[in-house]
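Enquirer:
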Amino acid sequence: MPLQALPTEVVCMIFRFVGAQQLLKNILVCKWWYNIAEPIALEDIVLSADALIKLPKEAHDRLTSYVQSFTLDLYAARDEFAKQSNKNSPGQTITSIEWSEALVDQLENVTELLPRCNRLKSFSLRLKTQFDPSNPLIPRDDYLSLWSPTKLVDVFQATNLLHLVIDTCGSEIKGHICPGIALSIPSLRSVRLRMQRICPRILTFRAAVTQDGHSNTLPLSKAEQQDPIPLAKIESIIINTSLKESDQFSWGYSQHCTESKRGWDLFDDMVTAATEIAKQFPTLKVMRILCHKHPWLEMITYDCISGSKMLISEDVGWDWGDDGCADPDDEEISNQGFSSTDSESSED
Numbered sequence: 001m002p003l004q005a006l007p008t009e010v011v012c013m014i015f016r017f018v019g020a021q022q023l024l025k026n027i028l029v030c031k032w033w034y035n036i037a038e039p040i041a042l043e044d045i046v047l048s049a050d051a052l053i054k055l056p057k058e059a060h061d062r063l064t065s066y067v068q069s070f071t072l073d074l075y076a077a078r079d080e081f082a083k084q085s086n087k088n089s090p091g092q093t094i095t096s097i098e099w100s101e102a103l104v105d106q107l108e109n110v111t112e113l114l115p116r117c118n119r120l121k122s123f124s125l126r127l128k129t130q131f132d133p134s135n136p137l138i139p140r141d142d143y144l145s146l147w148s149p150t151k152l153v154d155v156f157q158a159t160n161l162l163h164l165v166i167d168t169c170g171s172e173i174k175g176h177i178c179p180g181i182a183l184s185i186p187s188l189r190s191v192r193l194r195m196q197r198i199c200p201r202i203l204t205f206r207a208a209v210t211q212d213g214h215s216n217t218l219p220l221s222k223a224e225q226q227d228p229i230p231l232a233k234i235e236s237i238i239i240n241t242s243l244k245e246s247d248q249f250s251w252g253y254s255q256h257c258t259e260s261k262r263g264w265d266l267f268d269d270m271v272t273a274a275t276e277i278a279k280q281f282p283t284l285k286v287m288r289i290l291c292h293k294h295p296w297l298e299m300i301t302y303d304c305i306s307g308s309k310m311l312i313s314e315d316v317g318w319d320w321g322d323d324g325c326a327d328p329d330d331e332e333i334s335n336q337g338f339s340s341t342d343s344e345s346s347e348d
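If you're matching positions, the sequence shown starts at 1 in the UniProt record's numbering and goes up one per residue.
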């Protein structure tokens with residue numbers, strides 16, 4: 001039976017099984033294919049730095065109508081700039097500064113776009129300073145040093161987001177964004193964070209929690225008491241304070257936003273704040289803080305609900321769903337593994 005003869009519902013199921021990224025490669029096969037495939041292809045958007053720069057404004061309306069998962073994966077920005085420069089003729093070569101400015105302009109456009117995306121459920125921002133293996137001791141190329149994500153963080157509250165991932169890794173970005181992210185956390189379902197600068201302020205949020213007919217909120221100032229208190233939806237928070245990357249020169253830690261703390265000092269502060277939040281919000285099923293041991297580089301995850309500390313696999317990466325095994329150096333470890341996984345982040 002030819003594809004055109006199948007019911008549209010069946011064709012849509014096939015297209016979703018194939019996946020958005022594969023559909024985008026073949027979306028122009030024919031008009032019939034295009035009309036059915038385009039809405040599905042635009043449900044899950046992943047843009048590299050170069051693709052973001054080339055994104056035309058004419059595409060914004062279609063994105064606002066269809067996009068459900070939006071990922072900005074800017075890890076390979078420097079490599080893409082080199083490739084783009086090589087493609088240009090000598091008279092068209094752009095400088096790294098011009099390329100960075102174009103990228104910042106498009107990030108501002110995304111900030112304006114997100115509140116208009118009524119179907120948006122998941123947003124991921126992934127940045128990383130660029131490492132040159134041939135010159136490991138030279139300063140890293142921080143290609144977004146001119147950009148402040150403050151406005152982007154502020155618009156999260158104006159969206160219908162359920163899942164948020166922010167991984168700025170070793171990238172130094174402007175502004176103290178922890179308070180802004182904290183304002184959005186109660187309305188989200190899952191949050192994954194890894195940033196060069198982070199502090200317990202990111203876990204200082206307020207929301208109503210209904211349990212046995214009672215409402216519980218964090219202590220508020222008089223000014224805050226005049227504002228409506230949102231009902232908490234948050235179920236899962238995972239914060240990674242390790243900036244461990246693929247090269248041997250970057251086994252670093254996140255740094256406190258306003259104090260001279262990093263490594264295990266910051267880890268302890270985050271665990272203390274997260275443990276308190278876990279007690280106040282019974283909606284939380286997963287509340288974990290990650291770090292790595294030095295100099296062995298073993299990854300540690302602390303479950304702030306059960307109070308257990310575990311070693312996790314080196315290759316867990318951004319999944320962070322590994323139940324792990326007991327840390328032999330911790331005398332207060334629970335012998336049980338975690339009862340929760342991150343499967344809820346794949347819902348909706």
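Note that the Cβ used here is the ideal one computed from N, Cα and C, for glycine as well.
Looking only at its own chain, which residues have a Cβ that is under 6 Å from the Cβ of Ser122, when we skip the five neighbours before and after it?
Expert: Locating residue 122 in the sequence shown gives position 122, where the first residue counts as 1. The answer, listed in chain order, is Ser69 and His163.
Enquirer: Buried or exposed: where does Lys244 fall if 16 or more other Cβ atoms within 10 Å of its Cβ makes it buried?
Expert: Numbered from its first residue, the sequence shown carries residue 244 at position 244. Buried is the call here.
Enquirer: Taking 8 Å as the cut-off, does the region 250 to 260 touch the region 276 to 285 (at least 3 CB pairs, one atom from each stretch)?
Expert: No: the two stretches stay apart, fewer than three of their Cβ pairs being nearer than 8 Å.
Enquirer: Please state whether DSSP places residue 410 in a helix, a strand or coil.
Expert: There is simply no residue 410 to check, as the chain begins at 1 and stops at 348 in what is shown.
Enquirer: How many angstroms separate the CA atom of Leu114 from the CA atom of Val155?
Expert: For the purposes of this step, residue 114 is identified with residue 114 of the sequence shown, where counting begins at 1. For the purposes of this step, residue 155 is identified with residue 155 of the sequence shown, where counting begins at 1. One C-alpha to the other measures close to 7 Å.
Enquirer: Closest to Pro39 by CA distance: which of Lys57, Leu52 and Leu63 is it?
Expert: One-based indexing of the sequence shown puts residue 39 at position 39. The option with the nearest alpha carbon to Pro39 is Leu63.
Enquirer: Take Glu98 as the anchor and find which of Lys57, Tyr143 and Leu72 has the nearest alpha-carbon.
Expert: Counted from its first residue, the sequence shown places residue 98 at position 98. Among Lys57, Tyr143 and Leu72, the Cα nearest to that of Glu98 belongs to Tyr143.
Enquirer: On the CB-based measure, 16 or more other CB atoms within 10 Å of its CB, does Pro328 come out buried or exposed?
Expert: Numbered from 1 along the sequence shown, position 328 holds the residue referred to as residue 328. Reliability of the predicted coordinates at Pro328 is poor, the pLDDT of 49 falling under 50, and the value obtained from them is presented with this limitation in mind. The residue is exposed, with fewer than 16 neighbouring Cβ atoms inside 10 Å.
Enquirer: Using DSSP's beta-bridge definition, name the partner residues of Gly252.
Expert: Indexing the sequence shown from 1 puts residue 252 at position 252. Its beta-bridge partners are Leu243.
Enquirer: So who's on the other strand from Gln309, going by DSSP bridges?
Expert: Here the question's residue 309 lines up with position 309 in the sequence shown. Correcting the residue identity first, residue 309 is Lys in this sequence and not Gln. Note: Lys309 sits in a beta bridge opposite Tyr302.
Enquirer: Given Ser246, which residues of its chain have a CB within under 7 Å of its CB, disregarding the five upstream and five downstream residues?
Expert: Here the question's residue 246 lines up with position 246 in the sequence shown. Because the pLDDT of Ser246 is 48, which lies under 50, any placement of that residue in the model is unreliable, and the number read from its coordinates should be weighed accordingly. Nothing meets the Cβ criterion.
Enquirer: If you follow the beta strand (DSSP E) that Leu72 is in, where does it begin and where does it stop?
Expert: Residue mapping note: residue 72 aligns to position 72 of the sequence shown, counting from 1. Residues Ser69 to Asp73.
Enquirer: Since Arg192 and Val165 should fall inside the 8 Å C-beta cutoff, what is the C-beta to C-beta distance between them, to a whole number of angstroms?
Expert: In the sequence shown, the residue the question calls residue 192 occupies position 192. In the sequence shown, the residue the question calls residue 165 occupies position 165. Contact holds; Cβ gap of about 4 Å.
Enquirer: Which two residues bound the contiguous beta strand (DSSP E) that contains Phe123?
Expert: Taking the sequence shown and counting its residues from 1, one reaches residue 123 at position 123. Start and end: Ser122 to Arg126.
Enquirer: Taking the alpha carbon of Ile185 as the point to measure from, which residue in Ala274, Met13, Trp264 and Leu74 has its own alpha carbon closest?
Expert: By 1-based counting over the sequence shown, the position of residue 185 is 185. Closest option to Ile185, Cα to Cα, is Ala274.
Enquirer: What does the Cβ neighbour count give for Ile202, buried or exposed, with the cut at 16 atoms within 10 Å?
Expert: Within the sequence shown, numbered from 1, the residue matching residue 202 stands at position 202. So Ile202 ends up on the buried side.
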